[in-house]
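Step one of this worksheet: look at the structure below.
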């Protein structure tokens, strides 16, 4: 006897019935205005979601061979036919707290499930961009913000879907949520943004190079934000981007732009020592660039004495750390050599 027959002796919990009943209950939830009825419907939805999780977690790993008798394949097909994933995303705000968490778990599991080498759920998200937009704008609603973040980060792990999302205008709204007044929402949005930008490195590098102007025009708002946390996070991401070998062409464009150098030099005097250190690491990229354009060279020459004075105080030689003395000596030597033939 199949394990599902032991767990679900009645046909009510078969994949087909779960999908159909879930669709009906979500429609009831959307149309109901009676709180008592909504609670009852939400409870039934919770049970259906729990049944879904039981099937998904009880079936092992990815099903690469198209076995129609497999309950997960049946469930995935029924969910696709009944458009359950779009409905769950669309009704997320109406669900109970526990059901929201279950939806995130189901979504992640379905995204990981593949038929052959493709995830049908990831393809649904890629084709229906409005679903991605709904998740991004979910950050506007504190009761679903973190659940939306979890689901978006799973989207970022699927390269073709991630590419589609990066090219959406809504992606730039994700940056704005990093400045959200809620610490939890801002932090979650940062984690999501970082996952998109630092995953799928080759694809992301191509995106950044092709969309360089638009991306950095938006990213500059984060680097110059009045919010300390936003500035710190932006500099952390920027430093990581510039050091990635895949981003060499992007880094070359960035390091030849005088406005970026001015911003980094300004950040060297930030009140936060953490931001100062991030800015220092980025400044070294400008200093070490083998083909500095004349515009960059002029700024460095004009500020050479100020930079020497600043670095002499900023770079502290620590006892029992001979490397710190070497770093300071090298940096001061490089700055002193600016403009000297």
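Residue numbers (UniProt numbering): 1 to 341. Even for Gly, the Cβ is constructed at its ideal location relative to N, Cα and C. The structure displayed is predicted, hence computed values, not measured ones.
Count the other CB atoms, across all protein chains shown, that sit within 10 Å of the CB of residue i; report buried if there are 16 or more and exposed otherwise.
{"i": "residue 233", "result": "buried"}
{"i": "residue 336", "result": "exposed"}
{"i": "residue 13", "result": "buried"}
{"i": "residue 51", "result": "buried"}
{"i": "residue 138", "result": "buried"}
{"i": "residue 15", "result": "buried"}
{"i": "residue 228", "result": "exposed"}
{"i": "residue 85", "result": "buried"}
{"i": "residue 65", "result": "Interpretation of residue 65 is limited by its pLDDT of 41, a score under 50 that renders its predicted location unreliable; the figure taken from the coordinates is listed afterwards. The residue is exposed, with fewer than 16 neighbouring Cβ atoms inside 10 Å."}
{"i": "residue 210", "result": "exposed"}
{"i": "residue 102", "result": "buried"}
{"i": "residue 333", "result": "exposed"}
{"i": "residue 33", "result": "exposed"}
{"i": "residue 140", "result": "exposed"}
{"i": "residue 97", "result": "exposed"}
{"i": "residue 367", "result": "The displayed coordinates of the chain run from 1 to 341. Any statement about residue 367 would go beyond what the structure contains."}
{"i": "residue 99", "result": "buried"}
{"i": "residue 145", "result": "buried"}
{"i": "residue 11", "result": "Low local confidence applies: a pLDDT of 43 at residue 11 is under 50, so the model's placement there is unreliable, with the coordinate-based value given in what follows. That one is exposed."}
{"i": "residue 152", "result": "buried"}
{"i": "residue 179", "result": "buried"}
{"i": "residue 162", "result": "buried"}
{"i": "residue 323", "result": "exposed"}
{"i": "residue 56", "result": "buried"}
In its own chain, which residues sit with a C-beta less than 7 Å from the C-beta of residue i, not counting the 5 before and 5 after it?
{"i": "residue 142", "result": "182, 185"}
{"i": "residue 28", "result": "41"}
{"i": "residue 296", "result": "256, 258, 261, 286"}
{"i": "residue 21", "result": "48"}
{"i": "residue 105", "result": "53"}
{"i": "residue 308", "result": "332, 335, 336"}
{"i": "residue 239", "result": "278, 281, 282"}
{"i": "residue 30", "result": "91, 94"}
Would you list the one or two residues that DSSP bridges to residue i?
{"i": "residue 115", "result": "118"}
Starting from the C-beta of residue i, find all residues in its chain whose C-beta is less than 8 Å away, skip the five residues before and the five after it, and write them out in chain order.
{"i": "residue 25", "result": "41, 44, 45, 48"}
Using a Cβ-Cβ cut-off of 6 Å (strictly less than) and excluding sequence neighbours within five positions of residue i, which residues of its own chain qualify?
{"i": "residue 325", "result": "317"}
{"i": "residue 340", "result": "none"}
{"i": "residue 19", "result": "78, 79, 82, 84"}
{"i": "residue 274", "result": "232"}
{"i": "residue 205", "result": "246, 247"}
{"i": "residue 293", "result": "256"}
{"i": "residue 251", "result": "242"}
{"i": "residue 149", "result": "188, 192"}
{"i": "residue 111", "result": "119, 121, 122, 154"}
{"i": "residue 177", "result": "139, 189"}
{"i": "residue 364", "result": "Lying outside 1 to 341, the shown extent of the chain, residue 364 is not represented and no answer is given."}
{"i": "residue 8", "result": "Residue confidence for residue 8 is low, a pLDDT of 45 falling below 50, so the modelled location carries little weight and cannot support an answer."}
- List in chain order: all unbroken alpha helix (DSSP H) runs of 4+ residues lying wholly within the segment 247-309. 248-254, 258-267, 273-288, 294-302
- Query: Any chance the segment 179-198 sits against the segment 113-133, with 3 or more Cβ pairs inside 8 Å?
  - Reply: no
- Query: Do the segment 38-46 and the segment 78-85 meet, that is, are 3 or more Cβ pairs less than 8 Å apart?
  - Reply: Segments in contact, no.
- Specify whether the segment 301-311 and the segment 251-261 touch according to this definition: at least 3 beta carbon pairs, one from each stretch, less than 8 Å apart. no
- Message: Any contact between the segment 153-163 and the segment 195-202? By contact I mean 3 or more CB pairs, one from each, below 8 Å.
- Response: yes
- Query: How about the segment 228-247 and the segment 273-284: do they share at least three Cβ pairs that are nearer than 8 Å?
  - Reply: yes
- Considering only residues of the segment 144-174, which uninterrupted beta strand (DSSP E) runs meet the minimum length of 3 residues and lie entirely inside it, listed in chain order? Along the length of the segment 144-174, whole beta strand (DSSP E) runs at least 3 residues long do not occur.
- For the segment 11-87, which segments carrying the beta strand (DSSP E) assignment without a break, of at least 3 residues, lie completely within its bounds, in sequence order? none
- Item | alpha helix (DSSP H) runs contained entirely in the segment 164-241, provided each spans 4 or more residues | 170-176, 183-198, 201-210, 212-223
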